[in-house]
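Note sheet for the following structure.
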Amino acid sequence: MNSGTMTLQAVNKDDLQKLSELPMRLALQEAAPFLAHLVEDPSFLEAEIHPLLEEARGTGGDWYVDHSYEGEDHSYSLQVFVWPPGTETMIHDHSCWGVYCCAVGSVLEERYERLDDGCRLDHAHLKKIWQLKWSREDGASSVLPNDGGIHRVGNPGDSVAISVHLYGPRLREVDGRDYDPSCDNVCDRRED
């Protein structure tokens, strides 16, 4: 696991900055084709994705962010996730908008909605509303901040998957919240 910074040879940092400055709905509309194009770019695949695929084969363990690039003013974050077989996130949300696209393999996304009104601290009652398998051919998935993007992402398959995620500026101090529907609990997540 490299957990390093991407070289971003195939990414124009000015484009990322411009995306982060757009109103949220427009940023989401522009970010999805941006990522879809990025994961098709041969120079990005050669420089960033193919080395990860070789490194990740047979490593097992949990999912991880191998490469990350943060805008100087924290206005955006571009991250490459590695998903060994059988791994998944907790159910969570984000305090920013986000878009992701698979570069290798596929991931399963489960989306949830909150059934309570949010007035009780540390309490959230969730309902699963859909699940979709995403591969490079399927385009990008997007989430709105907070309750607008409660989801879980994972790799139920038997080979490594790699996805590229772009997040906009945070609207709150925390990164997002983690949910445990078994006890209707929700808590802030302060670190990425």
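All you need for our numbering is the position in the sequence shown, starting with 1, plus 72. The C-beta atom is built at its ideal place from N, Cα and C for all residues, glycine as well. Small disclaimer: the values here were computed from a predicted structure and weren't measured.
For E112, the three-state DSSP class (helix, strand or coil): Within the sequence shown, residue 112 is the residue found at index 40, counting from 1. It is coil, neither helix nor strand.
Reference S235, options D219, E120, R261, D189, closest by Cα: Your numbering for residue 235 matches position 163 in the sequence shown. Of the candidates D219, E120, R261, D189, the one whose C-alpha sits nearest the C-alpha of S235 is E120.
Among D145, H146, D194, G143, the one whose alpha carbon lies nearest that of R261: Within the sequence shown, residue 261 is the residue found at index 189, counting from 1. Of the listed residues, the one whose Cα sits closest to R261 is D194.
Under 8 Å between C-beta atoms of W155 and G221: Here residue 155 corresponds to residue number 83 of the sequence shown, with the count starting at 1. Here residue 221 corresponds to residue number 149 of the sequence shown, with the count starting at 1. It is not a contact, given that the beta carbons lie outside the stated cut-off.
H122 - containing alpha helix (DSSP H), residue span: Taking the first residue of the sequence shown as position 1, residue 122 is located at position 50. Looking at the DSSP string, the run of the alpha helix (DSSP H) that includes H122 is 122-128.
Residue interval of the beta strand (DSSP E) (run including D260): Walking along the sequence shown from the start, residue 260 turns up at place 188. Run containing D260: 257-261, per the beta strand (DSSP E) assignment.
Simplified DSSP state of A212, which is helix, strand or coil: Here residue 212 refers to the residue found at position 140 of the sequence shown. Correct three-state label for A212: strand.
Cβ neighbours of G170 in the same chain (closer than 8 Å, five flanking residues each side left out): Counted from its first residue, the sequence shown places residue 170 at position 98. S214, V215, G221, H237, L238, Y239, G240.
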